[in-house]
Each structure stands twice: as structure tokens, then as C-alpha cells.
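Engineer: Below you'll find the structure I mean.
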Amino acid sequence: MTDEQNVTWHAVITASELEEDEPEHVKIGDTPVCIVRLEDGIYAINDICTHEFALLSEGFVEDEEVECPLHQARFNVKTGACTALPAKEDVPTYRVKVEGDQVYVGMPAS
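Plus 162 on top of the position in the sequence shown (first one is 1) and you've got our numbering.
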């Protein structure tokens, strides 16, 4: 199997709806996803903070990091890496592709 065969692509939002550094919440099945447009592209991470389970999309983005609105844990939007306490675990990242104005998020195929 190729890498593409292991991914199911989901249309989630249009690129024109995304403002730079303004996180957006979407849901793919039961998975909450935080979509962020940065200067160099569009990124997707899991929308749940690994500390107290708040929605990261309700926080703010600065310097390629999204800050949790609850206790200010921070996560790199590109890598999912936790960059500030109180969270200690990274969040999953998801592949993104844009075709025309449509943004797709790639989820692992089941």
C-alpha cells in the first residue's frame, strides 16, 4: 500500500473562509480538528488540549503556536509538539491538501 492509500481525505472548509492565525473548529466523524492558516500554508491538528481537554480552536495563534484558552498550554501548529506547560503531551497532526478553494484533511484510513 502506498501512503496515499492509508489516508482518507475529507473536505472540511474552504480556504477563503480561513483567516491567517485564526483557528477554526471542524469535525471529521467523531474527531475534532483545529484548522489554522499560517503565512506559509494551512495546517490541521487535533482540537483537544492534552491537559484538560479544552478546544484549541477557541484559543489564539501566535508564532506558529496555538494557545489553549483554559490554562495557556501551547502547541506547534505544524508539528503538534507541546511547547508550554501545563500540557505535557503533543497533539496529533493531520495532512492537509488544497484543491481550488477546498481544504481537505487526511485522516488515517480504517
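C-beta: ideal position from N, C-alpha, C; glycine also. Model, not experiment: these values are computed from the prediction.
The beta strand (DSSP E) that contains residue 246, what's its start and end?
Structural biologist: That run of the beta strand (DSSP E) goes 244-246.
Engineer: So, residue 253 versus residue 204, is the Cβ gap smaller than 8 Å?
Structural biologist: no
Engineer: Around the Cβ of residue 176, are there at least 16 other Cβ atoms within 10 angstroms (buried) or fewer (exposed)?
Structural biologist: exposed
Engineer: Our contact map puts residue 221 next to residue 229 with C-beta atoms below 8 Å; I'd like the distance itself, whole angstroms only.
Structural biologist: 5 Å
Engineer: Assuming the contact rule is C-beta atoms closer than 8 Å, residue 239 and residue 224 should be a hit. Round their C-beta distance to whole Å, please.
Structural biologist: Actually they are not in contact, since the Cβ atoms of residue 239 and residue 224 sit about 10 Å apart, beyond 8 Å.
Engineer: Got a sec, what are the start and stop residues for the beta strand (DSSP E) residue 204 sits in?
Structural biologist: 203-208
Engineer: Just verifying my parser: in three-state terms, what is the DSSP assignment at residue 217?
Structural biologist: DSSP, read as helix, strand or coil, puts residue 217 in strand.
Engineer: By how many angstroms is the C-alpha of residue 193 removed from the C-alpha of residue 247?
Structural biologist: A direct Cα-Cα distance of roughly 24 Å separates residue 247 from residue 193.
Engineer: What does DSSP give as the partner residues of residue 180 in its beta bridges?
Structural biologist: Bridge partners of residue 180: none, in fact.
Engineer: Can you give the Cα-Cα distance for residue 184 and residue 208, rounded to whole angstroms?
Structural biologist: Spanning the two alpha carbons is a distance of roughly 15 Å.
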